[in-house]
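>
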Amino acid sequence: MAGLTIDFTDERLPNGLRLVIAEDHAAPVVAINIWYGVGSKHEVPGKTGFAHLFEHVMFQGSAHVAKAEHIGLIQEVGGTMNGTTWLDRTNYFETVPSHQLELVLWLEADRMGTLLEALSQENLDNQREVVKNEKRWSYDNRPYGSWVERILAGSYPAEHPYHHSTIGSMADLDAASLDDVRAFFRTHYAPNNAVLSVVGDVDPGQVRAWVDGYFGRIPANPALPVDLGDLSLPPTFGGERRETVVEQVPLPRIYWAFRAPVFGDPRLDALELAGQILVGGKGSRLHRRLVRDEQLAQDVSLFSLGLIGGASVTAGWATARPGVDLNRLEAAYWEELQRLATEPPSDDELARAKALTETDELGALQRVEERADRLSMYATLFDDPGVVNEILPRYLTVTAEQIRDACRDVFRADNRFVLTYLPAETATADTEAAA
-13 MAGLTIDFTD
-3 ERLPNGLRLV
7 IAEDHAAPVV
17 AINIWYGVGS
27 KHEVPGKTGF
37 AHLFEHVMFQ
47 GSAHVAKAEH
57 IGLIQEVGGT
67 MNGTTWLDRT
77 NYFETVPSHQ
87 LELVLWLEAD
97 RMGTLLEALS
107 QENLDNQREV
117 VKNEKRWSYD
127 NRPYGSWVER
137 ILAGSYPAEH
147 PYHHSTIGSM
157 ADLDAASLDD
167 VRAFFRTHYA
177 PNNAVLSVVG
187 DVDPGQVRAW
197 VDGYFGRIPA
207 NPALPVDLGD
217 LSLPPTFGGE
227 RRETVVEQVP
237 LPRIYWAFRA
247 PVFGDPRLDA
257 LELAGQILVG
267 GKGSRLHRRL
277 VRDEQLAQDV
287 SLFSLGLIGG
297 ASVTAGWATA
307 RPGVDLNRLE
317 AAYWEELQRL
327 ATEPPSDDEL
337 ARAKALTETD
347 ELGALQRVEE
357 RADRLSMYAT
367 LFDDPGVVNE
377 ILPRYLTVTA
387 EQIRDACRDV
397 FRADNRFVLT
407 YLPAETATAD
417 TEAAA
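Shown next, in the form of structure tokens:
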């Protein structure tokens, strides 16, 4: 990496696998990140949760790797690994000492090419239960744990593939047969639906030889890519939406969600900087007013879920301090959004937002793991890993007027979904008092 530029090579194997290599000899480590172009948006009604299910199944063995051996082999050589699932994609990644790169490439190729040979009914049933436990632990029994599911369901029409979250329906998972799950894998987990990024202390020629040897024999799926149809959406919700949830939460919390431009749209870049102005540290507008000065909130947040299929979501929350009037909290948060939608930020605020963003970006890109992830991400979503070198310059050229205009277009009353969580004890007491 020279300055702000990540140098890389970008090529395809005959079977369609995209290989991106970036050398970095600063330390004897290498990061591998493989993105598959399959996420929860590729699931069909009645068969949701499959992409996330495979995040677990992929560690349960393949033709030449025993159950859980993938994890054990990586840990034995001092490496780390994991996988994540999102609406647009699934990815798997490892970081190991550079002399162990061949091992990781072999492991990834074996599960891409032969996972179905080891996928049994027992494995499916076991991982189905793991997913159910994850849902209970991370969604159902965690305070505010359902917010992502509710925000997506409230922000996208029922027929849109972003309407359901990655965890999916437990009823769908219960009904899934081994044949259903096998068919999903055959469709999506193919070399011509994957980007493999290798970043670190490597010899590119040796990397190519290993990748060709291990991945090159895996056949492509000629039916890819899967056509999801027209995912476009109107620029706003067309009216305010509200939902109130009474659960076992410690304090009331208000979430806001707004339909926003797709990931890659310059207006979403402007909204990212707006987020720094509004919630970026203790000097931000919302923190100063709601947390420090008026002491209405314990914490505040604002961020974008950048998506490529029709529209993104810009969302935020404020957790109320005990005894605070929620109407006052909501009004104060909204006033700050509207202030930025009508008046450009000051020169000092803009400079601070850009400095925070630059620090975040450069700090992230110092890590080989993050570089590998970014290269795979931009190749998968935009067909161009070189976007990794364009993002920071784009942020640094955003103007104050562009921030105001993006906020004006997005932070609108007819484009607002307000999700309020109330503690069950408080709601019960209020109901009894009213009676």
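-13 is the number of the first residue of the sequence shown in the numbering used here; add one for each residue after it. All residues carry an ideal CB built from backbone N, CA and C; glycine is no exception.
Residue 181: which of 366, 401, 403 and 117 sits nearest, CA to CA?
Position 195 of the sequence shown, counted from the first residue, corresponds to residue 181. The residue with the shortest Cα to Cα distance from residue 181 is 366.
> Would you grab the beta carbon distance between residue 404 and residue 242 for me? Rounded to a whole angstrom, and I think it's under 8 angstroms.
Start at 1 with the first residue of the sequence shown, and residue 404 comes out as number 418. Start at 1 with the first residue of the sequence shown, and residue 242 comes out as number 256. With 8 angstroms as the limit, residue 404 and residue 242 qualify as a contact, their Cβ atoms being about 6 angstroms apart.
> In angstroms, rounded to a whole number, what distance separates the CA positions of residue 119 and residue 315?
Residue numbering aside, residue 119 sits at position 133 when the sequence shown is read from its first letter. Residue numbering aside, residue 315 sits at position 329 when the sequence shown is read from its first letter. One C-alpha to the other measures close to 35 angstroms.
> Going residue by residue through the region 209 to 245, where are the continuous beta strand (DSSP E) segments of at least 3 residues, counting only ones entirely within it?
Whole beta strand (DSSP E) segments, 3+ residues: 227 to 233.
> Decide if the region 335 to 349 is in contact with the region 250 to 266; the criterion is three or more beta carbon pairs, one per stretch, under 8 angstroms apart.
The answer is yes - the region 250 to 266 touches the region 335 to 349, with three or more Cβ pairs under 8 angstroms.
> Using 8 angstroms as the threshold, is the region 166 to 178 in touch with the region 137 to 150, meaning 3 or more CB pairs across them?
Verdict: no, contact absent.
> Compute the minimum distance between the beta carbon of residue 233 and the heavy atoms of the ligand NAD, and state whether it is under 8 angstroms.
Here there are no bound small molecules, and the ligand NAD is not part of this structure.
> Please state if the CB of residue 51 and the CB of residue 443 are separated by a distance shorter than 9 angstroms.
The requested residue 443 is not part of the displayed model; the chain covers only -13 to 421.
> Given residue 4, which residues of its chain have a CB within under 8 angstroms of its CB, disregarding the five upstream and five downstream residues?
In the sequence shown, counting from the first residue as 1, residue 4 sits at position 18. Taken in chain order, the residues that qualify are -4, -3, -2, 180, 181, 182 and 365.
> Go through the region 37 to 96 residue by residue and report every complete run of the alpha helix (DSSP H) that reaches 4 residues or more, in order.
Whole alpha helix (DSSP H) segments, 4+ residues: 55 to 62.
> In whole angstroms, what separates the C-alpha of residue 82 from that of residue 123?
As a first step, residue 82 is located in the sequence shown; it is residue number 96 there, counting from the start. As a first step, residue 123 is located in the sequence shown; it is residue number 137 there, counting from the start. Rounded to whole angstroms, residue 82 to residue 123 spans 30 angstroms at the Cα level.
> Could you please give me the residues that DSSP links to residue 399 through a beta bridge?
Counting from one through the sequence shown, the residue named residue 399 turns up at place 413. The partner list for residue 399 (beta bridge, DSSP) is empty, contrary to what the question assumes.
> For residue 141, which of helix, strand or coil comes out of DSSP?
Taking the first residue of the sequence shown as position 1, residue 141 is located at position 155. Residue 141 falls in the helix class under three-state DSSP.
> Measure the Cβ-Cβ separation of residue 324 and residue 397 and say whether it is below 9 angstroms.
Along the sequence shown, one-based indexing puts residue 324 at 338. Along the sequence shown, one-based indexing puts residue 397 at 411. Yes, the Cβ-Cβ distance between residue 324 and residue 397 is below 9 angstroms.
> I'd like the ranges of any alpha helix (DSSP H) spanning at least 4 consecutive residues and lying wholly in the region 248 to 273.
Those alpha helix (DSSP H) runs which fall completely within the region 248 to 273 and span 4+ residues are 252 to 265.
> Can you list the alpha helix (DSSP H) stretches of 4 or more residues lying completely in the region 366 to 400, in chain order?
Entirely contained in the region 366 to 400, the alpha helix (DSSP H) runs reaching 4 residues are, in chain order, 377 to 382 and 386 to 396.
> Express the C-alpha separation of residue 37 and residue 156 in angstroms, rounding to a whole number.
As a first step, residue 156 is located in the sequence shown; it is residue number 170 there, counting from the start. As a first step, residue 37 is located in the sequence shown; it is residue number 51 there, counting from the start. Those two C-alpha atoms are separated by around 13 angstroms.
> Exposed or buried, residue 66, counting other C-beta atoms within 10 Å across all chains shown (16 or more means buried)?
Taking the sequence shown and counting its residues from 1, one reaches residue 66 at position 80. Looking at its Cβ environment, which holds fewer than 16 other Cβ atoms inside 10 Å, residue 66 is exposed.
> Determine the contact status of residue 300 and residue 286, defining contact as a CB-CB distance below 9 angstroms.
Locating residue 300 in the sequence shown gives position 314, counting from the first residue. Locating residue 286 in the sequence shown gives position 300, counting from the first residue. Contact: no.
> Residues bridged to residue 313 by DSSP?
One-based indexing of the sequence shown puts residue 313 at position 327. None, per the DSSP bridge assignment.
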